[in-house]
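Asker: Residue numbers (my numbering): -9 to 142.
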Amino acid sequence: MARVTCEIEIHAPVEEVWALMQDPTRRGEWDFRVTGGRFTKDGHPTKGATFTVGGRMLWGYRFDMEYLAVQPLRQTVVRLVQAHGLPIESGAGSWTYLRDGAERTVVRSVFRFELKKPWRWAFDPWLMTPVMYAVTKRSLSRLKKLVERESR
């Protein structure tokens, strides 16, 4: 099972960081893997709300996700309901938002996923953990640039 934890400091209020990250229609602006996203139930991040994101990593994929817990401006916890196009068996993750003064936010992304057999034995976690860490770090760097540019 691959497990990844990444953190980035963003010079913007937590309200602005939260709003951008919790809008699946804007996910592709900062997560280079994502080509589109939308809410499929409830239209905003609340416990039980669902959303889908589509993207490309070697080939196209779509993830159907569900919010398990939402603490506005503090944390969201999601689980993978179903993966289409990639051999992923299960997954879950969280985004934690730490207010560090009025104009600074630390975002921590933590997730884990497990590939389906036989992919699991060949690639997980020795390859998937470092690859997904690098991919997540890159996306969080893009998030930082976008939020800081919009915050000015």
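Cβ coordinates follow ideal geometry from the N, Cα and C atoms, glycine included.
Thinking just about the alpha-carbon of each residue, which of PRO35, ARG64, VAL24 and ARG89 is nearest to the one in HIS1?
Answerer: The shortest C-alpha separation from HIS1 is found at ARG89.
Asker: Work out the CA separation of ARG128 and GLU56 for me, nearest whole Å.
Answerer: The straight-line gap from Cα to Cα measures roughly 24 Å.
Asker: Report buried or exposed for ASP114, applying the criterion of at least 16 other Cβ atoms within 10 angstroms of its Cβ.
Answerer: Looking at its Cβ environment, which holds 16 or more other Cβ atoms inside 10 Å, ASP114 is buried.
Asker: Terminal residues of the continuous beta strand (DSSP E) containing LYS31?
Answerer: Note, LYS31: beta strand (DSSP E), 24 to 31.
Asker: Compute the distance between the beta-carbons of LEU130 and SER84, then report whether it is under 8 Å.
Answerer: Their beta carbons are not under 8 Å apart, which means LEU130 does not touch SER84 by this criterion.
Asker: Can you tell me the Cα-Cα spacing of VAL71 and THR40, whole angstroms?
Answerer: Each residue's alpha carbon lies about 9 Å from the other.
Asker: Straight-line CA distance for ARG46 to GLU93?
Answerer: Going by the C-alpha atoms only, they are around 33 Å apart.
Asker: Helix, strand or coil, according to DSSP, for TRP116 in the structure here?
Answerer: Note: TRP116 maps to coil in three-state DSSP.
Asker: Going by DSSP, name the residue or residues bridged to ALA82.
Answerer: Paired residues: ARG69 and ARG102.
Asker: Please report how far the alpha carbon of LEU10 lies from the alpha carbon of GLU140, in whole angstroms.
Answerer: Cα to Cα, LEU10 sits roughly 10 Å from GLU140.
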